[in-house]
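**Student:** Quick note on the working numbering: the sequence shown kicks off at 5 and runs consecutively.
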Amino acid sequence: MCKKTASETLKTSDRCKAGSRASASNSRWSQALEPLYWDQRYASSELVWTGDANHTLVAEAEGLLPGYALDLASGEGRNAIWLAEQGWSVRAVDFSSVANEKAIRLAKSRHVDHKVDFETADLRVLAPGLQCYDLVTLVYLQIPQAELNPILVKAASAVAPGGTFLLVAHDSENLEHGFGGPQQAGMLYTAAQVVAALGGELAIEKASRIERPVETKEGIKIAIDCVVRGKRL
Ligand SMILES: C[S@@+](CC[C@H](N)C(=O)[O-])C[C@H]1O[C@@H](n2cnc3c(N)ncnc32)[C@H](O)[C@@H]1O
C-alpha cells in the first residue's frame, strides 16, 4: 500500500529517548545517528546546506516525467522543493523535526508547499510502501553500512515499475582525496557497496564515482561523491 502521508512520525518521547542515548556518547559518530544531533545542528543557523538542489540530482532527474517522488533524509528540503518545482508531488522524510520546520518554510517561500509533504520519521523504522513511487531519492545519507543497507532495500522496494532510484553520497575516497564530508570512514561508502545492497532488485543504469567542485574561501575544492541510479523494469 502506498502512503503519501506521515506513517511513522516520531513521538516526542521517542525523540527524547534517542536524545538521551546520543548525549551518553561523546562520539560524534554515534551522535550523528540520532535526531537530537541533527535538530541541534539545524537549529544553529538559517540554512546549514544551500537552498539549491544537489547538482547531480538535478542532472539525473531533470529528464524524468514528474510523478510521485519519495525523498529520504530530506534535510532542509532543497532537493524535495526543487522536485516540486519541476511538477513532482513529493513525500520528504527526515527524522529531524527542526529540519522539517525549516523545509516547510522554504517550500512556502518558493510557493510549492502544497506539492511537498514533509514527514518526521526515522528511516530505520519507516515502511515507505511497495512499488509506489516514480522516483526515490537519497542524497547524503551517511550512516554505517549495517544501518544503511536495510534502508536501501526499502528504498528500492518503493520504486514503482518504470520508476527510478537515485542515490548521491560522499564516497569513501573522499576521506583521503576529497573535500569536506564526514571524516569517519564508516560513514562513507561506494557505489559498488550500494549496488550490492540493492541485491539485483533494480536494473542499474549508473554506479560511479564523480567529482563535485565546491566553492570555498580558498577557491574551488573537489569533493568526491558516489552516484547510483537504477530503474525498475
Ligand atoms: C547530510 S544531511 C542531507 C540532507 C539532504 N538530503 C540534502 O542533500 O540537503 C543528512 C540528513 O539525514 C538525516 N538522517 C540521518 N539519519 C536518519 C534516519 N535514521 N532517519 C531519517 N533521517 C535521517 C539527517 O537528519 C539529515 O537531515
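Even glycine gets a Cβ: it sits at the ideal position worked out from N, Cα and C. No experiment lies behind these values; they were computed from the predicted model shown.
(1) Under the assumption that M198 contacts L156 (Cβ atoms under 8 Å), give the Cβ distance between them as a whole number of angstroms.
(2) Give me, in chain order, the residues of the same chain whose beta-carbon lies closer than 7 Å to that of R114; leave out the 5 immediate sequence neighbours on both sides.
(3) Can you name, in chain order, every residue of its own chain whose Cβ lies under 7 Å from the Cβ of D229, other than the five neighbours on each side?
(4) Please indicate yes or no: does the CB of F183 lie closer than 8 Å to some heavy atom of ligand 1?
(5) Where does S161 sit, in a helix, a strand or coil, going by DSSP?
(6) With distances taken from CA atoms, which of W53, V102, R233 is nearest T141?
(7) Roughly how far, in whole angstroms, is the beta-carbon of E80 from the beta-carbon of V97, given that I think they are within contact range, below 8 Å?
(8) Do you know how far the Cα of G166 is from the Cα of A160?
(9) Between which residues of its own chain and F99 is the CB-CB distance below 6 Å, once the five residues before and five after are set aside?
(10) Which partner residues of R216 appear in the DSSP bridge assignment?
(11) Report the residue from E123, A162, L76 whose alpha carbon sits nearest the alpha carbon of K3.
(12) Just checking E151 against ligand 1 - is the residue's beta carbon closer than 8 Å to any of the ligand's heavy atoms?
(13) What residues in its chain sit with their C-beta under 7 Å from that of D56, if we drop five residues either side in the sequence?
(14) Per DSSP, Y72 is paired with what?
(15) Rounded to the nearest angstrom, what separates G223 and A131 at their Cα positions?
(16) So the alpha helix (DSSP H) L37 belongs to, where does it begin and stop?
**Tutor:** According to the structure data:
(1) Residue 198 is actually Val in this sequence, not Met. 6 Å between Cβ atoms; contact.
(2) Its chain contains I85, E89 as the residues whose beta carbon lies nearer than 7 Å to that of R114, once the 5 sequence neighbours on both sides are disregarded; these appear in chain order.
(3) Excluding positions up to five away in sequence, the list reads T60, V172, A173, H174, D175, I214, R216.
(4) no
(5) helix
(6) R233
(7) About 13 Å; that fails the 8 Å criterion.
(8) Inter-residue distance for A160 and G166 is about 12 Å (C-alpha atoms, whole angstroms).
(9) P39, D126
(10) A227
(11) Outside the modelled stretch of the chain, which goes from 5 to 237, sits residue 3, for which no answer is possible.
(12) Yes, since a heavy atom of ligand 1 falls inside the 8 Å radius drawn around the Cβ of E151.
(13) R82
(14) S93
(15) Inter-residue distance for G223 and A131 is about 43 Å (C-alpha atoms, whole angstroms).
(16) That residue, L37, is in no alpha helix (DSSP H); it is neither H nor E in DSSP.
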